[in-house]
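Residue numbers (our numbering): 94 to 423.
Where a beta carbon is used, it is the ideal one built from N, C-alpha and C, also for glycine.
Notes follow once the structure below has been shown.
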Ligand SMILES: [Fe+2]
Ligand SMILES: [Fe+2]
């Protein structure tokens, strides 16, 4: 499957590459990391800015659906855990914006692109979180899918991205466990609680499967990104792994995955399952999901409301620098 993909969509063959490009590809093939100031093809740099930038935006926008429940967490302990989890996501955003800045783009530029709708974030965050059980399902499924995507990226070729991923993945494991812990509590609670857990699974199952992106046959950028080790596995491979890991977890909870076609396939050693509705995926991506306007609106408002604080920080840094300069000259 991999070999077929690598041939597609106008990727340069080795003969078409310049000597610099060949040497660059050789370094990647040897498993070397590419570091910020080193030579890289423009396409590599641009693809990474898009990918890391979208990833950073997803972390920051991803705080919103869960932030929605901090004030309504059912116990003090749950509130403290959720608060810590949402703060982690802010931290992930910050590492990733920093990694992205090493490629020669500023954080302000990335923000502008997000706010203008010219850069995307993961579509999963355009769905609402309606009940407390959604906090369980988000941690279990959404952070679970994120881990599935991100663990291979620890080995990605770009040094700063790879190192950010190593730290992020450690925290994501905690996120997934806290989500599953909520699901266990709800699924073994009163019939009404179990019903909430099932409803959360029903609503978030297919959006979680969409997190791996379109099917390999419809996915642009894949072949070049794979040869550059910016992408380590195909979308369909990761989706299959996610389903195989998650179905037994749903069974353990006594919940039903909302897919009548779901069936263990002995030959392939994995589950057969229904594809998500890709027309919904593209529709949400185009801005028509249930929460797109709210999410982007909240980010723009936070940016505008924080302007005085950023201005203050810059003014303070300038003054501090001016105070230091005469002393340094002596
Ligand atoms: Fe995260
Ligand atoms: Fe997370």
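Which of helix, strand or coil DSSP assigns to residue i
| i | result |
| --- | --- |
| residue 217 | helix |
| residue 127 | strand |
| residue 365 | strand |
| residue 357 | strand |
| residue 403 | helix |
Option nearest residue i by Cα separation, candidates the options
| i | options | result |
| --- | --- | --- |
| residue 162 | 193, 224, 400 | 224 |
| residue 295 | 369, 329, 316 | 369 |
| residue 346 | 281, 386, 398, 397 | 281 |
| residue 222 | 139, 293, 310 | 293 |
| residue 206 | 350, 150, 414, 104 | 150 |
| residue 350 | 320, 361, 301 | 301 |
| residue 137 | 416, 320, 204, 341 | 320 |
| residue 382 | 214, 367, 152 | 214 |
| residue 277 | 141, 343, 408 | 343 |
| residue 389 | 413, 142, 135, 156 | 156 |
| residue 144 | 258, 409, 374 | 258 |
| residue 111 | 123, 283, 134, 407 | 134 |
| residue 209 | 398, 399, 380, 403 | 380 |
Residue i beta carbon near ligand 2 (any heavy atom closer than 7 Å)
| i | result |
| --- | --- |
| residue 236 | yes |
| residue 183 | no |
| residue 268 | yes |
| residue 274 | no |
Cβ neighbour criterion (16 or more within 10 Å) applied to residue i
| i | result |
| --- | --- |
| residue 422 | Note on residue 422: pLDDT 49, under 50, position unreliable in the model; the coordinate value appears next. With fewer than 16 other Cβ atoms within 10 Å, it is exposed. |
| residue 328 | buried |
| residue 218 | buried |
| residue 297 | buried |
| residue 377 | buried |
| residue 407 | exposed |
Ligand 1 heavy atom lying under 7 Å from the CB of residue i
| i | result |
| --- | --- |
| residue 201 | no |
| residue 261 | yes |
| residue 391 | no |
| residue 152 | yes |
| residue 344 | no |
**Study point:** Contact the stretch 126-133 vs the stretch 354-370: 3+ CB pairs below 8 Å
**Key:** Not touching, per the Cβ criterion.
Practice item. Take every Cβ of the stretch 193-203, pair it with every Cβ of the stretch 175-185, and state whether three or more of those distances are shorter than 8 Å. Key: No: the two stretches stay apart, fewer than three of their Cβ pairs being nearer than 8 Å.
Point to revise | contact_flag[the stretch 243-260, the stretch 188-196] where n(CB pairs < 8 Å) is 3 or more | key: Yes, since at least three Cβ pairs between the stretch 243-260 and the stretch 188-196 fall closer than 8 Å, the two stretches touch.
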